[in-house]
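Please read the structure below before turning to the comments.
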DNA sequence: CAATACTTGCCAATAATTGTCAAGACAATA
DNA sequence: TATTGTCTTGACAATTATTGGCAAGTATTG
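Protein chains in written order, with the working numbering: chain A, 1 to 97; chain B, 101 to 197.
So, in structure tokens, the structure goes:
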């Protein structure tokens, strides 16, 4: 029920003494949404990652990677064949699609 | 617009001279659905994979792996950070979650 | 040319996701 | 303990997505 990207965002936000409200206004959503995003209770839209990186002065690529890893994890969690499937996909993308 | 699992299912089905209709009845869906599944136009439910393996006398784990790889691919396709994210997830699951 | 197999586009029903709101919990401070 | 400010929670209606099935279409087979 937590997410890597959510944890990271909360970490960045609190370290910079930003309030939920402040992030919320820049992202143009209710504070409750940000609260839930940080705690992995609501998904974060991909377009929002770039904005968040901006607000939080973080590396866009790093956040994108965390976000993507979360998406992948949601797919494989609890799947017995996760390992094999991951390998197969890695191979596939290495060969230019 | 095609899928690994779909291709495999069609391959298995035709090799055994089974009609869409026959597979459809066992899966209790319209033939059009199977047609679309095989061509990657409609998603296949995970529970259906086991049934399909049964009908097609195929290895359940192999089909599950193909199915899962397709799911993963849908998430990463077109994503610049795909590679890194995949690595990160592989690592994560190797450490017992 | 039948007859049979498969494909396609569309629809209504259902399910999932969305943002918002109001009330609640919690912490610090007076 | 009251007050204030921050964050959390749950419920809700509205929108959006997904579903399966039908009917008409296009191949394919004999």
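The beta-carbon is built from N, C-alpha and C at its ideal position, and this holds for glycine as well.
These numbers come from a predicted model, not from an experiment.
If contacts are defined as beta-carbon pairs under 8 Å, then residue 103 of chain B and residue 170 of chain B qualify, I think. What distance do you get, rounded to the angstrom?
5 Å
Using a beta-carbon distance below 7 Å, is residue 184 of chain B in contact with chain A?
yes
Based on Cα-Cα distance, which residue from B:168, B:153 and B:146 lies nearest to residue 83 of chain A?
B:168
From A:49, A:72, A:32 and A:90, residue whose alpha carbon lies closest to that of residue 41 of chain A
A:32
Which residues in chain B have a C-beta closer than 7 Å to the C-beta of residue 61 of chain A? List them in chain order.
181
Residue 88 of chain B, enclosing alpha helix (DSSP H) - first and last residue
What the structure shows of chain B is the stretch from 101 to 197, and residue 88 of chain B is not part of that stretch, so it cannot be assessed.
To the nearest angstrom, how far is the alpha carbon of residue 21 of chain A from that of residue 50 of chain A?
18 Å
Chain A contact for residue 165 of chain B (CB, 7 Å cutoff):
yes
Give the secondary structure of residue 22 of chain A by DSSP, where H, G and I count as helix, E and B as strand, and everything else as coil.
helix
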